[in-house]
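One structure below.
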Amino acid sequence: AIDIAKLRDETGHITIDSGYKNTGATKSAITFLDGELGILRYRGYSIEELAEKATFLEVAYLLIYGELPTTEQYAAFENDIKMHTIVNEDMRKIFEGFPVNAHPMGVLSAMVCAMSAFYTGDKAGADELNIIRLMAKMPSMATWSYKKSQGHPVNYPNNSLDYCSNFLNMMFALPVAPYQVNPVVAAALNKLLILHADHEQNCSTSTVRLVGSSHASLYASISAGINALSGPLHGGANQEVIEMLEAIKADGGDTAKYIAMAKDKNSGFRLMGFGHRVYKNFDPRARIIKKAADDVLAALGINDPVLKIASELEAAALSDEYFVARKLYPNVDFYSGIIYRALGIPTDMFTVMFAIGRLPGWIAQWKEMKANKEPIGRPRQVYVGATERAYVNIADRK
Ligand code: ACO
């Protein structure tokens, strides 16, 4: 019999790079990231400056179209989005079938995927329209899960509000009382969404590009990205961080015990919100978020005991040889949950917030992949299974 694995070994070369630690899948002009120096730039603009000065929609425009918008371009972009914030009422029937305790990430990915069935048939300019539809409708649909969990009616979008305020209004307004968006809360949300907006070829973004490379629709690609983001080693970490901090608090606040557990490979426990595939010095987003968390809690007059535990944990880890040797630092997720909580966002919605922020990055990457006419993504493997075997009739099998 021909030993195919052996033959391949002799005739072809496949590079194995498990987890793609050193394999570039594309050239990209969207986001620059230097993990050693802790630099992150969108289209050449530093994350620090954008988080300080820009609106989320400006950043979305920058990522998707390549340049910061002029006043006219910004107004047109914002207006286009406002014209599409309402979701087809029949999509609500799909939504109503989900159980009340469904995880909002599962619901969101399903609803975004369903958009491909509802919003088709626009031949010319379809991509551009679908981009606007996603930017417009995803926040609306995201709020439905929260409203359902509360047993409250959903809110329709209010086009007199900006992007972040509109989201907050859909989340928290009730028919029985007027809701005033707190500018501190809207500004903090704006900053968080900017920090999440793109991060080059991470797991969810690579997924979006890979799925899109088969010429699957933008909706199908983004839905796949949402699923990739949901994992606890990726975007799902922000929910896990708060749950971990709560557990430490409930357990008496003994951070040393949890540091020891994280170092013990047999414990199955990792310090959530620590470590990053690319950042080996610090995560610049974490620095901005830590300061924002302090500012938001002070402005809202909130004294959150888990912030104290987070600070203790960070200090203990950063002075521990295990974490130092492995270059494990707090990542973007470590402090984002503390801010989301202060803004009134429930824990199981944290990763959804991440997805809303990451959406323009996914769109920009999908668009770039398409514009570059990239070939279908199709990784190879090295086969390590059985060599050729003869079929054995079921009656003769031992
Ligand atoms: N706690 C304890 N040990 C850790 C942690 C952690 N959070 N992260 C990594 N390590 C250890 C590993 O056990 C490994 O140790 P070893 O060399 O002795 O075997 C070493 O550090 C390297 O870790 P890897 O898992 O190989 O690193 P990788 O780059 O594959 O993983 C990841 C990066 C997934 C972020 C990892 O650090 C992790 O699981 N962190 C916790 C989850 C988290 O916060 N995810 C959010 C990432 S940011 C984002 O997606 C937005």
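End of the sequence shown sits at 434 in the numbering used here; the numbers just go up one at a time, nothing left out.
Beta carbons are placed, not taken as given, at the ideal position from N, Cα and C, and that holds for glycine.
Remember, it's a predicted structure, so these values are computed and weren't measured experimentally.
Bounds of the beta strand (DSSP E) holding I75 are I75 to Y78.
Counted as a single uninterrupted DSSP element, the beta strand (DSSP E) harbouring D70 occupies residues T67 to D70.
With distances taken between CA atoms, A112 lies nearest to E94 out of E94, G421, H188 and E424. Note that the C-beta distance between I262 and A391 is below 8 angstroms.
Scanning the segment 347 to 412 from its first residue to its last, the whole alpha helix (DSSP H) runs of 4-plus residues come out as 357 to 361, 368 to 378 and 386 to 407. The beta carbon of D319 sits closer than 8 angstroms to those of G74, H312, Y365, P366, N367 and V368, all from its chain and outside the five residues before and after it, given in chain order. Following the DSSP letters along the chain, one finds G267 in no alpha helix (DSSP H), marked with neither H nor E.
Here L210 is bridged, per DSSP, to A213. Less than 8 angstroms separates the beta-carbon of I52 from that of V418. Beta-bridge partners of F310 (DSSP): P366. G142 has its alpha-carbon roughly 23 angstroms from the corresponding atom of Y199. The continuous alpha helix (DSSP H) containing T291 extends over residues T291 to K299. Among the bridge pairs identified by DSSP, S82 is matched with R77.
Under the three-state reduction of DSSP, V247 is assigned to helix.
Annotated three-state conformation of S257 is helix, per DSSP. Between the alpha carbons of S64 and A426 lies a gap of roughly 48 angstroms. Taking 7 angstroms as the cut-off, one finds no heavy atom of the ligand ACO near enough to the beta carbon of H251. Annotation for V360 indicates a beta carbon at 7 angstroms or more from all heavy atoms of the ligand ACO. Taking 7 angstroms as the cut-off, one finds at least one heavy atom of the ligand ACO near enough to the beta carbon of A273. Of all alpha-carbon atoms in T179, I83 and N339, the one lying nearest the alpha-carbon of G187 is that of T179. Put simply, of T387, A431 and P415 the residue whose alpha carbon is nearest the alpha carbon of H139 is T387.
Rounded to the nearest angstrom, the Cβ distance from Y371 to I338 is 14 angstroms, too far for a contact under 8 angstroms. Note on H49: under 16 other CB atoms within 10 angstroms of its CB, so exposed under the neighbour-count rule. Distance from the CA of P175 to the CA of F203, rounded to the nearest whole angstrom, comes to 6 angstroms.
By the C-beta criterion, the segment 373 to 389 is judged to be in contact with the segment 222 to 239, since at least 3 inter-stretch pairs fall below 8 angstroms.
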